[in-house]
Each structure stands twice: as C-alpha cells, then as structure tokens.
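Working notes, structure below.
Numbering (my numbering), first residue to last: 11 to 197.
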C-alpha cells in the first residue's frame with residue numbers, strides 16, 4: 011500500500027514539474043505582439059477537449075446511472091410478474107397435476123433468484139461505481155444451478171450434467187478465491 015502511495019506522490023510531482031516547465035517554456039514566436047493577441051482567443055482545439063471532458067465526467071456517468079436504475083426497475087417488475095405467475099400456478103395445483111406445477115414452480119423460483127442476483131449486481135455497480143467479481147460469479151452460479159435443476163425434470167445426457175457440474179465446481183472455486191483474495195479485505 012505504501013508503494014502505491016509513493017508512486018502516486020511521484021506521479022503528482024512529475025505532473026507539477028511538467029506543468030511548471032510548460033508554462034516557463036514560451037517559444038520565441040509567442041513574444042511577438044501578433045501572437046500575443048492570438049493567445050487570448052481560445053482555439054477550437056482547446057474547446058473540444060473541455061466539452062469532451064465535461065461529457066465524459068458528468069453526462070455519461072449520469073446517463074449510465076439512469077439507464078441502470080431503469081433496468082433495475084424493469085427487472086423488479088419482471089420478478090413481480092414471476093411471483094404472480096407462481097401463485098397463479100399454485101391455484102392450478104389444487105385442481106390436479108401437482109408434480110408438473112411443482113416442477114415449474116421450482117424452475118420459476120430459480121429464475122427469480124437469478125434475477126435477484128442480477129439486481130444485486132446492478133445495485134453494487136450504482137453504489138461502488140464498479141461491478142464486483144463475486145457478484146458476477148454468484149449470478150453465474152445461480153443461473154447454472156437453475157439450468158442443472160431444469161435438466162432434472164427433462165430427458166438429459168449424462169455428459170451435459172457432468173459438464174454443468176464441472177462448470178459449477180470451477181465457478182465455486184473461483185468464488186472462494188475471489189472472496190479470500192479480495193482487494194477490499196486488504197484495507
């Protein structure tokens with residue numbers, strides 16, 4: 011950590027020295043009266059980076075936050091629709107066909123859990139300004155476990171199940187490693 015601080019201090023000193031040398035080094039042509047008059051007028055090349063910087067620093071992050079918030083609202087509405095659908099299917103199970111309704115309820119519930127993980131990932135992006143790898147792995151694990159559960163209710167090839175289990179074990183190992191060596195824990 012101290013090395014990073016030293017490097018950032020060094021970078022700051024270099025920037026200050028470059029700024030100081032740039033302001034001290036005035037070309038000979040700049041000493042002429044005609045060039046002094048043109049220095050007061052902003053050039054189009056200097057105005058463009060300022061507009062771009064404003065867009066990149068202010069407009070773009072606000073736009074991303076608005077779109078991410080709208081996406082969270084849409085996913086929450088989709089999840090609410092899924093809950094209503096599960097409750098509606100529960101009513102059908104009373105009239106018969108309980109096994110088919112239970113199968114569909116399990117799959118729908120796993121899909122809603124995957125949606126919940128996606129919402130959690132988006133919320134962490136809004137809060138932290140970045141996406142944590144552990145949230146991405148959690149989402150992938152929930153989706154893959156849902157797919158594996160979906161295979162349970164259908165005809166499936168054993169190779170497909172073994173492939174799914176291999177991916178789940180790999181993602182679980184990655185999840186453990188990312189949790190153990192998280193940069194947030196070093197603070």
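For every residue, glycine included, the Cβ atom is placed at its ideal position computed from N, Cα and C. As the structure is a prediction and not an experimental result, all values here were calculated from the model.
> Rounded to a whole number of angstroms, what is the C-alpha to C-alpha distance between residue 99 and residue 87?
Replying inline: 18 Å
>> Just to confirm my understanding: we take residue 146, look at its own chain, exclude 5 residues before and 5 after, and list those with CB closer than 8 Å. What are they?
In response: Answer for residue 146: 131, listed in chain order.
>> What would DSSP say about residue 103, mapped onto helix, strand or coil?
In response: helix
> DSSP on residue 141, reduced to helix/strand/coil?
Replying inline: Here residue 141 sits in coil by DSSP.
> Excluding sequence positions up to five away, which residues of its chain have a Cβ less than 8 Å from the Cβ of residue 181?
Replying inline: 147, 150, 151 and 154
> Can you tell which of 112, 167, 194 and 74 has its C-alpha closest to the C-alpha of residue 143?
Replying inline: 194
> Around the Cβ of residue 124, are there at least 16 other Cβ atoms within 10 angstroms (buried) or fewer (exposed)?
Replying inline: buried
> Shortest alpha-carbon distance to residue 163 belongs to which of 169, 111, 176 and 191?
Replying inline: 111
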